[in-house]
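J.: Handing you a structure now.
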């Protein structure tokens, strides 16, 4: 730690953390953390970022402070005094940057997400804290007070000292600091004195930070091995080394599911090492928009230019971690140039093609690994169908679905479905809903189950927006089983009971229409029902019910479309109603039964707004049934 003092001539300013920041610190230090050693990874990661920035700035800015200073991270510890100091010669911070970086929450939504983790009684595993930009604060797990001394690389900068006990306040004062960069120093709590032992610190650095792009010195000794793995050929890559590199760049505790080295020479020249995570990062599930800000790291001639380069991959592939290194861009390229560069467009195109081929290879050669990947990232991949029209056909081939012929958790492709369709079947049928069990219990599926016709079961919310846009596969239209215009005439089946004669059926349908009134588009005879008396379907031009439900969630003012009620004329209830109408069409019990059948169908698909009348009517019918005994 620097011994500079302000000699009492410069004022010490005290700042109060915002309420959100206080809550966040409390959560990090007391509620969610299980791996205190992570603090060292986070401090090294921040130092590495600061060094990357200054190296990048030095390419274009001649007036940078200490232009010749070695780019390195230096750690010094004292096991007797239990003190820890980490110093970098990076970009440093101005007073405004100190307040922004060390006094406020980095990302909106961070606090609410971490609170929800606490409510679910989940522990905050180590890869989360860095991803949310709050890694520095993990230091308060191992110390009571932290001092940060920093000077920005700008030539006209001044030195500042920031100090906090991680409670309610922090202070900032001006100091004399000759060199640019940042020094963080603190005394360890008694229970964490292990972090003042050289062997332990070296062990942690090798575990989490071995691939940091700059030398890390512990005392006089460099402890990390800087190596550009992506520059090696596939045969030279060892799994263990690759896995450790992935954990380092992806802030992940797990090994990757798979990795892909790429070497391209031609119109563009680049090397890449890409990784498929085993599971979706929690914040990606929490906020889909997080995809927008992800992407592999972009290097130019082995120098890090952009940490998460969103322009290297289309949005639906940005969950892939890794490094892309090219010599076809200049080192001092700006972000704006990166975005509009034809070189980047070409790299993006090649990467996308190779990644989709990688997925296809996994599906053919390692189906279990592909299944793990698809469970984690299938919903995100589907987004590409409506955004990446160049690769649409490849993406459609990658799609997987559960169906009435698969076990739970197993999948069928559209091609497999198409190849095992019966000769008479001309369409690919799907059924959408909230879960497999709910889908299998739905009356609309009865006919297809009875006939042995396979139906795709779509329970992923993304499906209702994506699948209808496919229209057809292998010249076979995709059709929701709910649509009222399905042609059942070619597939006759033996009914368990004769349907009602026309002269008995017409009054039943008519009374249903009168009873349900404006709430329904029409009431018709059903050909799809086997065991249930009625079901609701969408009109020819209406939305699939699941699609409508999703649209209403996004736009609550959207009016509900009228549905068609289909009536199973061979069902005992409907046949009994026909008899009751013949005996006395004014019997109030008939209308009560009709309303109950309709609302029961609504209830089944989650569209019944008020259950009070439904329950009251049910009790009325039970009473009538028990009276007649």
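In my numbering, the protein residues as written are 1420 to 2048.
For every residue, glycine included, the Cβ atom is placed at its ideal position computed from N, Cα and C.
Here the structure is a predicted model, which means the values were calculated and not measured.
Can you round the beta-carbon distance between residue 1953 and residue 1848 to whole angstroms, since I take them to be within the 8 Å contact cut?
T.: Not really, about 21 Å apart at Cβ, beyond 8 Å.
J.: Starting from residue 2033, trace the alpha helix (DSSP H) in both directions and tell me its first and last residue.
T.: 2031 to 2046 is the span of the alpha helix (DSSP H), which, as asked, contains residue 2033.
J.: From the DSSP output, in three-state form, read off residue 2027 for me.
T.: The answer is coil: DSSP assigns residue 2027 none of H, G, I, E or B.
J.: Quick one: does the C-beta of residue 1859 sit closer than 7 Å to a heavy atom of the ligand PLP?
T.: Among the components modelled here there is no ligand, and therefore nothing to report on the ligand PLP.
J.: Figure out for me which residue from 2046, 2024, 2044 and 2012 has the closest Cα to the Cα of residue 2032.
T.: It is 2012 whose Cα lies nearest to the Cα of residue 2032.
J.: If you run the structure through DSSP and keep just helix, strand and coil, what is residue 1729?
T.: Residue state, collapsed to three classes: coil.
J.: Examine the Cβ distances between the segment 1627 to 1635 and the segment 1490 to 1497 and report whether three or more of them are shorter than 8 Å.
T.: Touching, yes, given that three or more Cβ pairs across the two stretches are closer than 8 Å.
J.: If contacts are defined as beta-carbon pairs under 8 Å, then residue 1795 and residue 1699 qualify, I think. What distance do you get, rounded to the angstrom?
T.: Confirmed, Cβ separation roughly 5 Å.
J.: Suppose only complete runs of 3+ residues qualify. What are the beta strand (DSSP E) ranges in the segment 1805 to 1891, listed by chain order?
T.: With a minimum length of 3 residues, the continuous beta strand (DSSP E) runs that stay inside the segment 1805 to 1891 are 1847 to 1851 and 1874 to 1877.
J.: Bridge partners of residue 1954, per DSSP?
T.: 1985.
J.: Report the three-state DSSP secondary structure of residue 1594 (helix, strand or coil).
T.: Of the three classes helix, strand and coil, the one that applies to residue 1594 here is strand, per DSSP.
J.: Can you give me the start and stop residues for the alpha helix (DSSP H) that residue 2050 sits inside?
T.: No answer is possible for residue 2050: the residues shown for the chain start at 1420 and end at 2048.
J.: Do you know offhand how far residue 1422's Cα is from residue 1571's?
T.: Only weak support exists for where residue 1422 lies, its pLDDT of 44 falling under 50; the value from the coordinates is given anyway. Distance between the alpha carbons of residue 1422 and residue 1571: 19 Å.
J.: Take every Cβ of the segment 1611 to 1624, pair it with every Cβ of the segment 1573 to 1593, and state whether three or more of those distances are shorter than 8 Å.
T.: Counting Cβ pairs under 8 Å, fewer than three are found: no touch.
J.: Rounding to the nearest angstrom, what Cα-Cα distance links residue 1726 and residue 1692 in this structure?
T.: One C-alpha to the other measures close to 14 Å.
J.: Which same chain residues end up closer than 8 Å to residue 2019 when comparing Cβ atoms and leaving out the 5 residues on each side of it in sequence?
T.: Closer than 8 Å at the Cβ level, and outside the excluded window around residue 2019, lie 1953 and 2033.
J.: Is residue 1630 helix, strand or coil when you go by DSSP?
T.: If DSSP states are grouped into helix, strand and coil, residue 1630 belongs with coil.
J.: Using alpha carbons as the reference points, say which of 1688, 1514, 1507 and 1611 lies closest to residue 1599.
T.: Among 1688, 1514, 1507 and 1611, the Cα nearest to that of residue 1599 belongs to 1507.
J.: Rank 1733, 1676 and 1989 by C-alpha distance to the C-alpha of residue 1663 and give the top, closest one.
T.: Per the Cα distances, 1676.
J.: Can you give me the Cβ contacts of residue 1779 inside the same chain, cut-off strictly under 8 Å, excluding the 5 residues immediately before and after it?
T.: Closer than 8 Å at Cβ, skipping near neighbours: 1813, 1816 and 1817.
J.: Within the continuous beta strand (DSSP E) that includes residue 1613, where are the two ends?
T.: Taken as a continuous stretch (DSSP letters only), residue 1613 belongs to no beta strand (DSSP E), as it is neither H nor E.
J.: Over the uninterrupted beta strand (DSSP E) stretch that includes residue 1695, give me the two end residues.
T.: Looking at the DSSP string, the run of the beta strand (DSSP E) that includes residue 1695 is 1689 to 1695.
J.: Taking the alpha carbon of residue 1500 as the point to measure from, which residue in 1604, 1653 and 1854 has its own alpha carbon closest?
T.: For residue 1500, the nearest C-alpha among the options comes from 1604.
J.: Let me know if residue 1716 comes out buried or exposed under the rule of 16 or more other beta-carbons within 10 Å of its beta-carbon.
T.: It counts as buried.
J.: Spatial neighbours of residue 1775 within its chain, please: C-beta separation below 8 Å, excluding the five flanking residues on both sides.
T.: Here the set comprises 1810, 1813, 1814 and 1817.
J.: To the nearest angstrom, how far is it from the Cα of residue 1713 to the Cα of residue 1639?
T.: Spanning the two alpha carbons is a distance of roughly 37 Å.
J.: Tell me residue 1589's beta-bridge partners as DSSP assigns them.
T.: DSSP output for residue 1589 lists 1434 and 1583 as bridge partner(s).
J.: On the CB-based measure, 16 or more other CB atoms within 10 Å of its CB, does residue 1427 come out buried or exposed?
T.: Only weak support exists for where residue 1427 lies, its pLDDT of 49 falling under 50; the value from the coordinates is given anyway. Per the 10 Å Cβ criterion, exposed.
J.: Between which two residues does the beta strand (DSSP E) carrying residue 1682 extend?
T.: 1677 to 1683 is the span of the beta strand (DSSP E), which, as asked, contains residue 1682.
J.: Give the list of continuous alpha helix (DSSP H) stretches no shorter than 4 residues that lie fully inside the segment 1737 to 1771.
T.: Runs of the alpha helix (DSSP H) inside the segment 1737 to 1771: 1754 to 1759.
J.: Buried or exposed for residue 1382, please, with buried defined as at least 16 other CB atoms from any protein chain shown within 10 angstroms of its CB.
T.: Outside the displayed range of the chain (1420 to 2048) lies residue 1382, so it cannot be described from this structure.
J.: Here's the rule: buried if 16 or more other CB atoms are within 10 angstroms of the residue's CB, otherwise exposed. What is residue 2041?
T.: Answer is exposed; the Cβ neighbour count stays below 16.
J.: What is the DSSP secondary structure of residue 1622, counted as helix, strand or coil?
T.: Helix at residue 1622.
J.: Take residue 1853 and list the residues in its own chain whose beta-carbon comes closer than 7 Å to its own, dropping the five residues that flank it on each side.
T.: Once the five neighbours on either side are set aside, the close Cβ partners of residue 1853 are 1878.
J.: Please determine, among 1435, 1928 and 1511, the residue with the shortest C-alpha to C-alpha distance to residue 1468.
T.: Looking at the Cα atoms, 1511 is the closest of the given residues.
J.: CB residue 1949 to CB residue 1985, shorter than 8 Å?
T.: No, Cβ-Cβ distance for residue 1949 and residue 1985 is not below 8 Å.
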